[in-house]
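Residue 112 in this note's numbering is what sits at position 94 of the sequence shown, and the numbering runs on without skipping anything.
We put the CB at the ideal spot given by N, CA and C, even for glycine.
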Amino acid sequence: MKVKAEKQTIEPLLDAIVEKTMQMDLTWDWSTGVAYYGICRAYKETGNPAYLESLRARIDEWIELGVPETITVNRCAMGHCLLTLYQETNDENYWQLIEKQIHYLQEDAPRFGKGVLQHTVSAADDFPEQAWADTLFMAAFFMLRVGVFTENESLINDALNQYYWHIHYLQDRKSGLFYHGYAHLTEDHLSGFYWARANAWAAYTMAEVGAHLPQAYLYPPFMDVQGSLSEQLAALKFLQTDRGLWHTILDDPDSYEEISASCGIAAAMVVNNNPLHQKYVQKALTGILDNITNDGRVLNVSAGTAIMRDRQGYREISKDWLQGWGQGLALTFLSEILATNQ
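In structure tokens form, the structure reads like this:
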């Protein structure tokens, strides 16, 4: 897929977003994990050592201060940058933290059904036996990356099992879209909305399965990942707005256009590399660039969003503030654009 994008436009914008992101006082949690994943993607595509150096300095500062003892599914998003840092530096401090997170996910994290990870955000049992699309980025994709890196087939299969069951529980087979969450105890999708960022978590990480897993076609669950992604992206393209974006409730034109989800969905299209999606990515690029300031602030990113009670709850989530996940997903999208034009 060749998207019309000037390198001399994208790279300075990456610089600005990285600088703005590193100015944020992000704590050791999922927001930071997504933000720093984006910085790692930008580093991989540009080779800019300043990105890695600033990230390493911040993570080392956190290690010195003391990383939180409580591990959750959400906090495992930090594993993405730890893995990149370890791959680039061989610093055992990073690997020890990775091992703790993997141990938590495989041995201690609450599960239900056929080994499905319950989405956790704290030490409390906030969402008993609930599957959220967020888990695919925070945990399943991280497990897959570590499994591939260490050639650990058990870990790879566990990661693929998460994809299989999250698809089973969250994707509406009629529309192809993903619900925000699923409650196993009541066997329903709670309020039952197609939240855009949930679809971004699913689409982007499913696209990355094929990109990361060698001989992915030899793993039967990968066929479900590919089938699910194909149907999802085929549906999402029809929901793109005139400005190249997606509404925070995908099929609700009265809900606002949301930039972090738009970045994640468009990035999935880039990674999936279906030429028929090129025009949608091109349109998304224009809309997304219109929502990034010259000093690297990604605009119109919804705040942290639980599974809201009703439609109005999603519509009223604030989009006025700087968010780590917005920064990170914008960096990811722009980096994937660079990757297609190398």
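For residue j and residue i, believed in contact at Cβ under 8 angstroms, the rounded distance
| i | j | result |
| --- | --- | --- |
| ALA216 | LEU247 | The pair is not a contact, with the Cβ atoms about 14 angstroms apart (cut-off 8 angstroms). |
| LYS255 | TYR222 | With 8 angstroms as the limit, LYS255 and TYR222 do not qualify as a contact, their Cβ atoms being about 15 angstroms apart. |
| ILE347 | SER278 | Just to set this straight, residue 347 is Leu in the shown sequence, not Ile. LEU347 to SER278, Cβ: 5 angstroms. Contact. |
| THR39 | ALA53 | 5 angstroms |
| LEU203 | GLU276 | Wrong, their Cβ atoms sit about 29 angstroms apart, outside the cutoff. |
| VAL243 | TYR181 | 5 angstroms |
| TRP183 | ILE267 | Not a contact, Cβ separation roughly 24 angstroms. |
| TRP80 | TRP113 | About 15 angstroms separates the two Cβ atoms, so there is no contact after all. |
Of the listed residues the options, nearest to residue i (C-alpha basis)
| i | options | result |
| --- | --- | --- |
| THR323 | ASP143, TYR69, PHE211 | PHE211 |
| ALA141 | ASN292, GLU63, GLU87 | GLU87 |
| VAL164 | LEU307, GLN105, LYS132 | GLN105 |
| LEU231 | PHE167, GLN250, GLU79, VAL91 | PHE167 |
| THR90 | LEU83, LEU73, ASP144, CYS58 | ASP144 |
| VAL316 | GLU117, LYS301, ASP338 | ASP338 |
| ILE57 | ILE335, GLY314, GLU117 | GLY314 |
| SER49 | LEU340, GLU354, LEU352 | LEU340 |
| ALA158 | TRP213, TRP113, ALA220, ALA201 | ALA220 |
| THR350 | ILE325, MET326, ALA218, THR311 | ALA218 |
| LYS132 | HIS186, ASP270, VAL139 | HIS186 |
| MET96 | MET156, ASP269, ALA214 | MET156 |
| TYR237 | ALA214, GLY199, GLY282, ASN175 | ASN175 |
| ASN291 | HIS137, ILE355, ALA34 | ILE355 |
| GLY305 | THR259, LEU294, ARG327 | THR259 |
| SER72 | LYS118, VAL319, GLN41, ASN309 | GLN41 |
| TYR55 | LEU101, ALA149, ASN66, GLU29 | LEU101 |
| GLY245 | GLN189, MET161, THR358 | GLN189 |
Residues bridged to residue i (per DSSP)
| i | result |
| --- | --- |
| ASP206 | ALA201 |
| VAL134 | PHE130 |
| GLU275 | HIS265 |
| ILE310 | VAL316 |
| PHE159 | In the DSSP output, where bridge partners are listed per residue, PHE159 has none listed. |
| PHE196 | GLN189 |
Under the three-state DSSP convention, the category residue i falls into
| i | result |
| --- | --- |
| PHE211 | coil |
| VAL164 | helix |
| ARG191 | coil |
| TRP150 | strand |
| ILE283 | helix |
| PRO239 | helix |
| LEU32 | helix |
| ARG333 | helix |
| VAL21 | coil |
| MET326 | coil |
| GLN119 | helix |
| PRO232 | coil |
| THR259 | coil |
| GLN341 | coil |
| ASN290 | helix |
Every unbroken alpha helix (DSSP H) inside the segment 42 to 113 [4 residues or more] = Complete alpha helix (DSSP H) runs here, min 4: 48 to 64, 67 to 83, 97 to 107.
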